[in-house]
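Taking the numbering used here, I'd label the letters of the sequence shown as residues 1 to 173.
Since the structure comes first, as structure tokens, the remarks are kept for the end.
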Amino acid sequence: MRNLLVIITVFIALTLILTSCYSNQGKDVSSFIKYAPPMKDLVSGKTINLNDYSNKLLVLEFFETWCPACNTAIPELNKFYKSINENNKTKNNVAFFSILSPSSGDEKSIKEFIKNKKIEYPVLLEEKQQLSYNLEVKYIPTLFFIKDGKIVYSKVGPSQSTVLMNELLKFVK
Numbered sequence: 001m002r003n004l005l006v007i008i009t010v011f012i013a014l015t016l017i018l019t020s021c022y023s024n025q026g027k028d029v030s031s032f033i034k035y036a037p038p039m040k041d042l043v044s045g046k047t048i049n050l051n052d053y054s055n056k057l058l059v060l061e062f063f064e065t066w067c068p069a070c071n072t073a074i075p076e077l078n079k080f081y082k083s084i085n086e087n088n089k090t091k092n093n094v095a096f097f098s099i100l101s102p103s104s105g106d107e108k109s110i111k112e113f114i115k116n117k118k119i120e121y122p123v124l125l126e127e128k129q130q131l132s133y134n135l136e137v138k139y140i141p142t143l144f145f146i147k148d149g150k151i152v153y154s155k156v157g158p159s160q161s162t163v164l165m166n167e168l169l170k171f172v173k
């Protein structure tokens, strides 16, 4: 009886986790991308308009510098970003951006964080958190794949780069 209770509890917990991770799939977010305010890439210094990348599969990863799970995800995200740029199917068809809010600190401290953590991918500073609000980001880290204006994949929590790449390849022509 006790084993059955444990199994039922685990099943319910997994169901809740999985449904929260994938509840946005299929949601049309094209207007949120189109009207997202320009954001500064703290790695390159360029101003990024997400709408300029609407013809690509967008990978958006929301994180914060103070988040332990986000910090553990950085090495795998570096590998994932490198894999995207080395794969012939993805390098010209995918745009990857990591997005954080001002709660992570001022621009100077965030740049220092990027340097210390050896982050190789673009990190955008979302000043007003409009996009994260519109995409209903409730937990961090949260990652989205957006294709043709629709969320086709979402994931809460850190992942292995190989798992993310395998998922990504399902959506690239």
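Just so you know, even glycine gets a beta-carbon here, dropped at the ideal spot from N, CA and C.
query	result
Which runs of the beta strand (DSSP E) fall wholly inside the region 37-92 and span at least 3 residues, in chain order?	39-41 and 57-62
Whether or not the region 76-95 and the region 127-137 are in contact is what I'm after, with contact meaning three or more pairs of Cβ atoms, one per stretch, closer than 8 Å; do they touch?	no
Under 8 Å between the Cβ atoms of S104 and L124?	no
Roughly how many whole angstroms lie between the Cα atoms of I84 and A69?	22 Å
How about the region 139-151 and the region 38-48: do they share at least three Cβ pairs that are nearer than 8 Å?	no
Measuring straight from C-alpha to C-alpha, what distance separates K34 and N88?	27 Å
Would you list, in sequence order, the uninterrupted alpha helix (DSSP H) runs of no fewer than 4 residues that lie entirely inside the region 82-160?	107-117 and 130-134
So L58 packs on I146, CB below 8 Å; how close in whole Å?	4 Å
Cα separation between V172 and N3?	43 Å
Just to check my reading of the structure: F61 and L77 have Cβ atoms closer than 8 Å, yes? What is that Cβ distance to the nearest angstrom?	Residue 61 is actually Glu in this sequence, not Phe. Between L77 and E61 the Cβ distance is about 6 Å, and since that is below 8 Å, they are a contact.
Taking 8 Å as the cut-off, decide whether the C-beta atoms of V25 and V152 are in contact.	Per the sequence shown, residue 25 should be read as Gln rather than Val. Contact flag set, yes.
Could you check the C-alpha separation between E86 and M165 for me, to the nearest Å?	11 Å
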